[in-house]
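With the working numbering applied, the sequence shown covers 178 to 339. Notes follow the structure.
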Amino acid sequence: MSAHIDTAPAPIGGIRMQDIVQPRPSSVRVAIALIGATVVLGLAKLVLTLYAPAGPGGHGFTVFTFLATYSVMTLLVIYLAMGASWARGGLLAVFLVGVAPGLPLAFAYFSVIPVSAVLTVAQVVATVVGLYLVYREPAASWFRKPDTVPAATHRRRGAGRR
């Protein structure tokens, strides 16, 4: 006869972790996969660029730009997966500053470097769809954290002092 041993951690303040953490909606999982795919597509574009003849400055700036941009994007995707609402805004800012202005260049590249242009358009589409998914329901409410502090115990600073 074996007894059941509960290995779950004891609840803190009477609240179990399962009661606080909501499961990640499927739209968030899809958005993470899409935005993560843009990093992989960016790596493919970097490889294509490194095989092309280098300009007078070499490929150093291209590699630096890739590392800086995609490191930030990777961190934002990780924080997005953890439920950080601010990561949505960070990804939107990176898109507006870095990706959207380069879209007209992608159309110009269709005649010169068609593979790179197709990868750029795929990145833009994946990012736009991913951002759309994280800003609409049910993902939008998943990013809003529940209020875990009871209203009766929450006081403003200086309340009750005279």
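No residue lacks a Cβ here, since even glycine has one placed at the ideal position from N, Cα and C. Note that the coordinates shown come from a computational prediction; the quantities given were computed from them, not determined experimentally.
Any idea what DSSP makes of VAL271, helix, strand or coil?
-> DSSP places VAL271 in helix when its eight states are reduced to three.
Cα separation between VAL295 and ALA303?
-> Rounded to the nearest angstrom, the two C-alpha atoms are 12 Å apart.
Are the beta-carbon atoms of VAL216 and TYR247 separated by less than 8 Å?
-> Against a cut-off of 8 Å, the Cβ pair of TYR247 and VAL216 comes out as a contact.
Hey, how far is the Cα of ARG321 from the Cα of SER262?
-> Going by the C-alpha atoms only, they are around 7 Å apart.
Starting from SER318, trace the alpha helix (DSSP H) both ways and give me its first and last residue.
-> Segment 316-320, the alpha helix (DSSP H) holding SER318.
Which two residues bound the contiguous alpha helix (DSSP H) that contains ARG201?
-> Taken as a continuous stretch (DSSP letters only), ARG201 belongs to no alpha helix (DSSP H), as it is neither H nor E.
Nearest CA to the CA of LYS222: which residue from VAL306, VAL292, VAL301 and TYR312?
-> Across the set VAL306, VAL292, VAL301 and TYR312, the C-alpha of VAL292 shows the shortest separation from the C-alpha of LYS222.
With 16 other Cβ atoms within 10 Å as the buried cut-off, status of ALA283 | Per the 10 Å Cβ criterion, buried.
For LEU296 and chain B, any beta-carbon pair shorter than 8 Å?
-> Among the chains in the structure shown there is no chain B, since it carries only a single protein chain.
Cβ shell of LEU257 (< 8 Å), same chain only, five flanking positions each side left out = So the list reads VAL205, ALA208, ILE209, ILE212, ALA264, ARG265, LEU268 and VAL311, once near-sequence residues are dropped.
Cα-Cα separation between TRP319 and TYR286, rounded to whole angstroms | Approximately 39 Å, taken between the alpha carbons.
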